[in-house]
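Protein chains in written order, with this note's numbering: chain B, 1 to 379; chain Z, 1 to 286.
C-beta: ideal position from N, C-alpha, C; glycine also.
See below for the structure under consideration.
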Amino acid sequence: MYLHEYQSKQAFARHGIPVPAGKIATTEQEAFAIASEFGVPVVVNAQALASQRVFRLARTPQEAELVARDIFAQAIQDIRIHTILIEPTADIVAEYFLGLYADRGSDLLMVASTEGGGEISQIERDQPQTLARETINPMLGVLDFQARNLANGINLPRESWKAFIQLVCNFYRCCVDCDAVRAEINPLGLTRGGELIALGGKLEIDDNALFRQRELAAIRDLQAEHESTVLARTARISYVHLNGKIGLIVSGAGLGMATMDLLARQHAEAASFLDLGSHIQRDKVSVALRLILPDVHALLINIFADRAPCDEIAQELLAAIHEIKPIVPLVIRLAGEHAEEGRAILSAASGVDLVFAPTTTEAVRRAAEKGMAHVDPGR
Amino acid sequence: MSILADKNTLLIVQGITGREGSFHTAQMLAYGTQIVGGVTPGKGGEWVYGKPVFDSVSAAVEATGANATIIYVGAANAADAIYEAIDAQIPLIVCVTEGIPVMDMLKVYAYLRQNRASRLIGPNCPGILTPGQSKVGLIPNFIARSGSVGVVARSGTLSYGVVDAMSQAGIGQSTIVGIGGDPIIGTSFVDILEMFEDDPETNRVVLIGEIGGRSEIDAANFIQSRMTKPVFACVVGTSAPERTRIGHAGAVIIEPETTAAAKIDALRAAGAIVVDTPDELVDLLS
């Protein structure tokens, strides 16, 4: 779960990390009022999840209002911006990058770079010489010498080392307290007075830790997500939107990836990746069908049953199929115990073009065929 | 012989009174696994399928002499269950739990490195099955067949399909190990390859990898430097978009060397026989 920049900065501030004194605006009028209150110029910052920072400088309250209007009219990845963060500017002499990553296997990695405002994967690729890295032992936490190594690695003026070490420790504690899997202070500004301030930042919270991060879970901005993302999450389906035309529903991640690869090889790319996991119930299947049906040419359901026999799963599938009534051809591969009985149950499905396939390879071939044969009903 | 689990494995089930725990206890007993007891804090003294339930792992080990444990404990408490098993010095710990927070697993991993008496398989894995001898986990009972091919995979469902097809084609397995789909797991491909290499019952190895992490690259290096037995490999996720988590928490391309293509190239260069699709593995083994 991504936090907005303003939410991330609130978490930083709670942990003693200096941040600009920002305020949130949801209307142009508020933007005007906040800019008047702060005094210009101000930084007007569009709040969108999981994307690059989008911000502009406004030199008058009127300009702040115009910029806000402009941002509210925009969409980033098809999602309307409905919140902006307005902050006073600071007298910045240098900008750095500070990141903590718990998504690099068994190492907890902290990095710093002179490339403030950059993107970590680009920095790693194009300017690896600007990166200082420290692997942190989660039992010990970040140690002072590691923070010093980072400060040294980015040639931070010595006068600011003490502040930097404090900031690194606070940042680490913030990440642990919030169960962040990725966290960045970017850019980390150095003021003329030698102080450090988190000008930008983002936190990605571990979805698996939300059970103990109730406060963060409660501030999740559902309006900033696609409706389908919310639907899938609520139904406990692992969902990835893809760009092809074959809707894909599977009972496991590896099986799903293998099927997806085979589809791509047949030039019949998947429109979705929907992993129901081992527990296959009709409600879940209904949601999955609903999520992919609008614009696909064919559907492929690939299940290897491990927790329940196939006849039970077939009943669940059948109920969902009868509820949603797919109008595109449906290819099903159902393997596991009682597979024959399962297929017999599904054969009773009425009003559906249903094909069974014994293997993944065969199922993909049939789905690709059906997809090719698709004629757009609108034409 | 076989690796990790056999007919002499004495297993306890942590979380034995739970829905998942009791269901799979029945399945494992039906397979012939020697389950000697279970643990559910607060339910010591109860019995499940004729097996005694204990309040703590150490009490269970003391009473039963268990040398392996399987953990069916929810994600919120799974790390604690693993620590308890490590603390009781159980040699083999299998954790099937999906969704353990990353911060918890980072610490578990660090703790494991200090306590070499225990090996952790998983989490988020289907466990181990040695055909005809013992099942520790949730690999379906009916798919395996005794033989000499070692199977190791990150994905459960994918390995089931391959094992099922192998068995139907008359190709049996020595041991099947699912190491798990999480980014931080206790046992890597390399660990299992090393065991298969040293196991006289294993003649060939099937390795099923996927995108994300460096485990397959490390496996390639091991195959090149140490492995004498042939390895047949498949890596899924060639069509996966970058920076997108595909089903498994660990299946996400972050760095260039974590793509399927990079792993396939490395495995091929190391001398493994790499196929494009899991279905082809069976044809090659025949």
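Drop a sphere of 10 angstroms on the beta-carbon of residue i, count the other beta-carbons inside from all chains shown, and report buried for 16 or more, exposed for fewer.
i	result
R14(B)	exposed
N302(B)	buried
T277(Z)	buried
Q7(B)	buried
K162(B)	exposed
F142(Z)	exposed
D164(Z)	buried
D283(B)	exposed
E5(B)	buried
V375(B)	exposed
V93(B)	exposed
L49(B)	buried
E63(B)	buried
F394(B)	The displayed coordinates of chain B run from 1 to 379. Any statement about residue 394(B) would go beyond what the structure contains.
R379(B)	Because the pLDDT at R379(B) is just 46, under 50, the model does not fix this residue reliably, and the point stays unresolved.
K23(B)	buried
Can you tell me whether DSSP reads residue i as helix, strand or coil?
i	result
V331(B)	strand
F97(B)	strand
H322(B)	helix
V151(Z)	strand
M110(B)	strand
I82(Z)	helix
N221(Z)	helix
R145(Z)	coil
F273(B)	strand
Y2(B)	strand
Q178(Z)	In the sequence as presented, Gln is not what sits at residue 178(Z); that position holds Gly. Strand.
R379(B)	The predicted model places R379(B) with a pLDDT of 46, which falls under 50 and marks its position as unreliable; any figure quoted below should be read in that light. Here R379(B) sits in coil by DSSP.
L285(Z)	helix
V168(B)	helix
P128(B)	helix
A269(Z)	helix
V190(Z)	helix
R265(B)	helix
I237(B)	coil
I123(B)	helix
P256(Z)	helix
V136(Z)	strand
Hey, would you say residue i sits closer than 8 angstroms to residue j, going by beta carbons?
i	j	result
L207(Z)	V152(Z)	yes
L284(Z)	P138(B)	no
Q266(B)	V364(B)	yes
A305(B)	G336(B)	yes
Q173(Z)	P131(Z)	yes
T259(B)	L300(B)	yes
A367(B)	A298(B)	yes
I82(Z)	V108(Z)	yes
I179(Z)	F189(Z)	yes
F222(Z)	L193(Z)	yes
C178(B)	A314(B)	no
V53(Z)	E46(Z)	yes
E159(B)	G105(B)	no
L3(B)	K202(B)	yes
N170(B)	F97(B)	no
Residues bridged to residue i by DSSP?
i	result
K23(B)	I86(B)
A68(Z)	L11(Z) and L92(Z)
Y31(Z)	DSSP, once it has assigned bridges, lists no residue as partnering Y31(Z).
F304(B)	A335(B)
C234(Z)	I208(Z) and V275(Z)
K381(B)	Lying before the first or after the last residue shown, residue 381(B) is absent from chain B, which here runs from 1 to 379.
K370(B)	In the DSSP output, where bridge partners are listed per residue, K370(B) has none listed.
Is residue i near the ligand MG, in the sense that its beta carbon is under 7 angstroms from a heavy atom of that ligand?
i	result
I12(Z)	What this structure holds is no ligand at all, so the ligand MG is not there to describe.
Query raised in the report: Pairing CB atoms from the region 131 to 145 of chain Z with CB atoms from the region 29 to 43 of chain Z, are three or more of them under 8 angstroms?
Result: yes
Report task. Check whether the region 227 to 242 of chain B touches the region 267 to 277 of chain B, taking contact to mean three or more Cβ pairs, one atom from each stretch, closer than 8 angstroms. Result -> yes
Query raised in the report: Is it a yes or a no for the region 6 to 20 of chain B touching the region 164 to 180 of chain B, going by three-plus beta-carbon pairs under 8 angstroms?
Result: yes
Query raised in the report: Within the chosen definition, does the region 110 to 122 of chain Z reach the region 208 to 227 of chain Z through at least 3 CB pairs nearer than 8 angstroms?
Result: no
Query raised in the report: Does the count of Cβ pairs from the region 185 to 199 of chain Z and the region 206 to 223 of chain B closer than 8 angstroms reach three?
Result: no
Requested in this report: Spell out a yes or no on whether the region 11 to 22 of chain Z and the region 34 to 47 of chain Z are touching, meaning 3 or more CB-CB pairs, one atom from each, closer than 8 angstroms.
Outcome: yes
Requested in this report: Could you say if the region 266 to 276 of chain Z and the region 242 to 259 of chain B meet the contact criterion of at least three C-beta pairs nearer than 8 angstroms?
Outcome: no
Query raised in the report: Counting pairs of Cβ atoms below 8 angstroms between the region 46 to 62 of chain B and the region 148 to 166 of chain B, do you hit three or more?
Result: no
Query raised in the report: Can we say the region 237 to 257 of chain Z touches the region 176 to 190 of chain Z, given the rule of at least three CB pairs closer than 8 angstroms?
Result: yes
Query raised in the report: Does the pairing of the region 92 to 106 of chain B with the region 66 to 79 of chain B give three or more beta-carbon distances under 8 angstroms?
Result: no
Query raised in the report: Would you call the region 366 to 375 of chain B and the region 57 to 66 of chain Z in contact, with 3 or more CB pairs under 8 angstroms?
Result: no
Query - Sufficient close CB pairs (3 or more, under 8 angstroms) joining the region 68 to 88 of chain Z to the region 117 to 125 of chain B - result: no
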